[in-house]
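Chemist:
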Amino acid sequence: MTEAVSRPRPLHWPTLTPGWRLALLLTLVVFAIALYLTWDIKASLAFTLKYRSKKLITLLLVGFSVSTATLLFQTLSQNRILTPGIMGFDALYVLIQSILVLTLGVIGFNTLNPYMKWGMETALMILAMLMMYRLLFRGNQQSLQFMMLAGIIFGVLFSSGSALVFRLLDPTQFGVLQDALFATFAAVDPILLQISFGVLAVTAVALWRTHARLDVMLLGQNSATSLGLNYNAMVLMILLLVAILVSLSTALVGPVSFFGLLVVHLAYRLAGSYQHRFLIPFAALLGMLTLVSGEFILQHLTNFSTRLSIIIEFFGGLFFLALIIRQGKA
Amino acid sequence: MIELSNICLSYGKNDILTNVSLSLRQQGLTSIIGPNGAGKSSLLAILNRLQKPTSGEVRIDGQPIDSFDNRVLATRLSILRQDNQINARISVRDLVCFGRFPYHNGRPTAEDWAVIDQAIHYLDMSDLQDRYLDQLSGGQRQRAFIAMVLAQDTQYVFLDEPLNNLDMKHSVAIMKQLRRACEELSKSIVVVLHDINFASCYSDEIVSMKHGRIAHSGSPEQVMQDHILMDLYDMPLSVQQIDDKRLCLYYL
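Line by line, the protein sequences give chains A and B. Everything in the first sequence is counted per UniProt numbering, starting at 1 for the first residue and increasing by one. Everything in the second sequence is counted per UniProt numbering, starting at 1 for the first residue and increasing by one.
(1) Give the residues of chain A in contact with Gln-85(B), contact being defined as C-beta atoms less than 7 Å apart.
(2) Can you list the residues of chain A that Ser-31(B) reaches, using a CB-CB cut of under 7 Å?
(3) Ile-33(A): which of Thr-58(A), Thr-17(A), Arg-21(A), Phe-47(A) sits nearest, CA to CA?
(4) In chain order, what residues of the same chain lie with their CB nearer than 6 Å to the CB of Thr-75(A), ignoring the 5 residues before and after it?
(5) Is the number of C-beta pairs between the segment 222-240 of chain B and the segment 49-66 of chain B that are closer than 8 Å three or more?
(6) What are the boundary residues of the alpha helix (DSSP H) that Glu-3(B) is part of?
(7) With 9 Å set as the bound, which would you pick, yes or no: does the beta-carbon of Met-230(B) sit closer than that to a beta-carbon of chain A?
(8) Thinking just about the alpha-carbon of each residue, which of Ala-206(A), Ala-284(A), Thr-203(A), Val-253(A) is nearest to the one in Leu-25(A)?
(9) Spell out whether any CB of chain A is found under 9 Å from the CB atom of Leu-123(B).
(10) Should the segment 110-124 of chain A be called in touch with the segment 42-61 of chain A, which here means at least 3 C-beta pairs below 8 Å?
(11) Taking beta-carbon pairs under 7 Å, can you tell me which members of the segment 83-117 of chain A lie near chain B?
(12) Taking 9 Å as the threshold (beta carbon to beta carbon), is residue 334(A) in contact with chain B?
(13) Where does Arg-9(A) land, buried or exposed, given buried means 16+ other C-beta within 10 angstroms?
(14) Could you check the C-alpha separation between Ala-271(A) and Gly-212(B) for me, to the nearest Å?
(15) Here's a check: name, in chain order, each residue in its chain whose Cβ is nearer than 8 Å to the Cβ of Ser-6(A), leaving out the five neighbours to either side.
(16) Should Val-149(B) be flagged as near chain A, meaning a C-beta pair shorter than 9 Å?
(17) Consider the Cβ of Ala-88(B): report whether some Cβ of chain A lies at a distance smaller than 9 Å.
(18) Between Tyr-233(B) and Asp-94(B), what straight-line distance do the alpha-carbon atoms span, to the nearest angstrom?
(19) Cβ of Ser-223(A) less than 9 Å from any chain C Cβ?
(20) Quick check on the DSSP output: what are the complete beta strand (DSSP E) runs of length 3 or more inside the segment 78-116 of chain B, in order along the chain?
(21) Quick check on DSSP: helix, strand or coil for Ala-215(B)?
(22) Just to confirm my understanding: we take Ser-192(B), look at its own chain, exclude 5 residues before and 5 after, and list those with CB closer than 6 Å. What are they?
(23) Can you tell me which of the three DSSP states Tyr-132(B) falls into?
(24) Are the beta-carbon atoms of residue 331(A) and Ile-214(B) separated by less than 9 Å?
(25) The beta strand (DSSP E) spanning Asn-19(B) covers which residue range?
(26) Can you pull the DSSP bridge partners for Gln-63(B)?
(27) Starting from Lys-117(A), trace the alpha helix (DSSP H) both ways and give me its first and last residue.
(28) I believe residue 332(A) touches Leu-298(A) by the beta-carbon criterion, under 8 Å. Please report the beta-carbon distance rounded to the nearest angstrom.
(29) Is it buried or exposed, Glu-184(B), if we count other Cβ atoms within 10 angstroms and call 16 or more buried?
(30) Please report how far the alpha carbon of Gln-97(A) lies from the alpha carbon of Ile-312(A), in whole angstroms.
(31) Count the other CB atoms, across all protein chains shown, that sit within 10 Å of the CB of Asp-69(B); report buried if there are 16 or more and exposed otherwise.
(32) For the segment 90-106 of chain B against the segment 165-180 of chain B, are there 3 or more C-beta pairs whose distance is under 8 Å?
(33) Using a Cβ-Cβ distance cut-off of 9 Å, determine whether Gln-142(B) contacts chain A.
(34) Would you kindly work out how many angstroms separate the C-alpha atoms of Gln-63(B) and Lys-187(B), rounded to a whole number?
(35) Reducing DSSP to helix, strand and coil, say where Gln-97(A) ends up.
(36) Kindly list, in the order they appear in chain B, the residues whose Cβ is closer than 8 Å to that of Asn-230(A).
So, in structure tokens, the structure goes:
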């Protein structure tokens, strides 16, 4: 080991500290938002801003919740290819929607009190999560994996349940349900937005208080416990946060899962730190940037000829291929 | 002083530990030896509170282990288990910094950094401190983790096979450093070892385990005996006196 051996440096932007990277990303997000709000205004400024900002808030909220939920879930599972979707959350959401349409009918479903609907969906998701935790989690990493496997099975069960319900619906009901299930980033109900901000605040406080402990979780259960972490409590907290965030984003726009995987992987590469105090905001901002710029491209460059989710999947797919090819070479 | 009294652990019908009673010295190096499946790792899991004993009690400095707050316990005893897989890109220095977590809770002070630098230096890792864990060899990783545990600066340190993946030079270096830590910092270090000759040369006390029970405990001279070791490992071997050390020949 001679003196001359140079220390290897991170691959990207070697001189930028994580703080600067975050600042840079924030600038980009602000820029994208400004562009989105002010580009090509045809009606009055006030009207356009009001109209566009509603949709913008949805995009920002979803960007935050999906990215954060995926990141937390990967920290928990110590696995970088999983998303919360594996626990059958999306399938449960679909099942709830289909049962609601079936039991309440089209009119009942569409006039459902949004507070109640969101509250019920979230409560069900959290309840499902708690039951899995109580029944299957034995306080170690193996049982965590076991719990996820059970989640996959439950996901299949829920999907089959939904398929059964689909067959019982009449064509009009089915149409309404289809509409509710597609990921659409349209303007959302103001009440849902209020709820979302509440959720956002709670999540932000929880993450702010626990980000250092989340870092310790990266060391695995044995070391984390030896360092004084209450592992089981952390598992429960992360699972609850993930359940809340996922139910928020699905209530806002419907199931989106590939998007989170994409954003979180980019964040791992670009944030320049493993620490959650950088990773979480980075992933959240990156999620927002992706959605806002995607929506911008969609609205102004393609004239609504396609769906935002399709654009994201397209670029996400390309990026993922590039990632895999690069990793194969390295 | 850590006292284990009548610890039993069983999974269903399988008894992993049976009536293990042991007091660990306040200072010095204790080696736990024994064949695979003797229950050594389970014992550490109980001390780490990852596993609850079926019956029996662990007391640390007179207090039952369950009465400790997690964080307070983490400043009294630290445990390094085997198989530390980490996916994240963490540098050696950051890993060692985690050792101070029970004290700084995510915000390391200058004092913490001093301890961290010291631990890195102690394990001869100053040149490697900015490397990421995935850029290290198995032995270097192992040393980085030991540095983390030393940075935790606890009275009691438990290491599960710390010499895994280490070459002769680094094995000896680690054992010497552990000895030094025992003497200079008056720590009590407990290591699970498979190489009984390391146990013989560096320990103050050797505890041998078999079938979930304590077979023997005593000074290296007392435990390093032909009949004791043959009985423990169920194989022919011979213990030789070389200079003032007792070494076991079991390779033939």
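Every residue gets a Cβ at the ideal spot worked out from N, C-alpha and C, and that includes glycine.
Modeler: Inspection of the coordinates gives the following:
(1) As a working mapping, residue 85(B) is identified with position 85 in the second sequence. Ordered by position in chain A, the residues that pass the 7 Å Cβ test against Gln-85(B) are Gly-220.
(2) Mapped onto the second sequence, residue 31(B) falls at position 31. The contacting residues do not exist; Ser-31(B) stays about 20 Å from chain A at best.
(3) For the purposes of this step, residue 33(A) is taken as residue 33 along the first sequence, with counting starting at 1. Among Thr-58(A), Thr-17(A), Arg-21(A), Phe-47(A), the Cα nearest to that of Ile-33(A) belongs to Thr-58(A).
(4) Within the first sequence, residue 75(A) is the residue found at index 75, counting from 1. The residues are Leu-214, Met-217.
(5) no
(6) In the second sequence, counting from the first residue as 1, residue 3(B) sits at position 3. Element bounds for Glu-3(B): not the alpha helix (DSSP H) but the beta strand (DSSP E), 2-11.
(7) The residue you call residue 230(B) lines up with position 230 of the second sequence. Not closer than 9 Å to any Cβ of chain A, the Cβ of Met-230(B) fails to qualify, so no.
(8) Residue 25(A) sits at position 25 when you count from the first residue of the first sequence. Cα-wise, what sits closest to Leu-25(A) is Ala-284(A).
(9) Walking along the second sequence from the start, residue 123(B) turns up at place 123. No - not a single Cβ of chain A is within 9 Å of the one on Leu-123(B).
(10) no
(11) none
(12) No answer is possible for residue 334(A): the residues shown for chain A start at 1 and end at 330.
(13) On the first sequence, residue 9(A) is found 9 positions in, with the first residue counted as 1. Since pLDDT at Arg-9(A) reaches only 46, below the 50 mark, its modelled position is unreliable, and no value is offered.
(14) Within the first sequence, residue 271(A) is the residue found at index 271, counting from 1. Within the second sequence, residue 212(B) is the residue found at index 212, counting from 1. Near 48 Å, if we compare the C-alpha coordinates of Gly-212(B) and Ala-271(A).
(15) For the purposes of this step, residue 6(A) is taken as residue 6 along the first sequence, with counting starting at 1. Low confidence applies to Ser-6(A): its pLDDT is 41, below 50, so where it sits in the model is not reliable enough to give any reading.
(16) Here residue 149(B) refers to the residue found at position 149 when the second sequence is read from its first residue. Output row for Val-149(B): interface = yes.
(17) Within the second sequence, numbered from 1, the residue matching residue 88(B) stands at position 88. Yes, Ala-88(B) lies at the interface with chain A (some Cβ there is under 9 Å from its Cβ).
(18) On the second sequence, position 233 is the one that residue 233(B) refers to. On the second sequence, position 94 is the one that residue 94(B) refers to. Cα to Cα, the separation comes out at about 40 Å.
(19) Here chain C cannot be found, since the structure's protein chains are A and B.
(20) none
(21) Taking the second sequence and counting its residues from 1, one reaches residue 215(B) at position 215. If DSSP states are grouped into helix, strand and coil, Ala-215(B) belongs with the strands.
(22) Along the second sequence, read from residue 1 onward, the residue named residue 192(B) stands at position 192. The sequence given here has Val at residue 192(B), not Ser. These residues qualify, in order along the chain: Ile-32, Lys-40, Asp-160, Glu-161.
(23) Within the second sequence, residue 132(B) is the residue found at index 132, counting from 1. Strand.
(24) Beyond the ends of chain A as shown, which are 1 and 330, falls residue 331(A); an answer cannot be given.
(25) As a first step, residue 19(B) must be located in the second sequence, where it is residue number 19. Asn-19(B) -> beta strand (DSSP E) spans 14-24.
(26) Position 63 of the second sequence, counting from 1, holds the residue named residue 63(B). Paired residue(s): Ile-60(B).
(27) Here residue 117(A) corresponds to residue number 117 of the first sequence, with the count starting at 1. Counting along the chain, the alpha helix (DSSP H) containing Lys-117(A) begins and ends at 114-136.
(28) For chain A, the structure presents residues 1 to 330; residue 332(A) sits outside this window and is missing.
(29) What you label residue 184(B) is simply residue 184 of the second sequence in a count that begins at 1. So Glu-184(B) counts as exposed.
(30) For the purposes of this step, residue 97(A) is taken as the residue at position 97 of the first sequence. For the purposes of this step, residue 312(A) is taken as the residue at position 312 of the first sequence. The straight-line gap from Cα to Cα measures roughly 25 Å.
(31) Counting from one through the second sequence, the residue named residue 69(B) turns up at place 69. Under this definition Asp-69(B) is an exposed residue.
(32) no
(33) Taking the first residue of the second sequence as 1, we reach residue 142(B) at position 142. No, Gln-142(B) does not count as interfacial toward chain A.
(34) By 1-based counting over the second sequence, the position of residue 63(B) is 63. By 1-based counting over the second sequence, the position of residue 187(B) is 187. Approximately 19 Å between the Cα atoms of the pair.
(35) The count along the first sequence starts at 1 and reaches residue 97(A) at position 97. Three-state result, Gln-97(A): helix.
(36) For the purposes of this step, residue 230(A) is taken as residue 230 along the first sequence, with counting starting at 1. In chain order: Asn-70.
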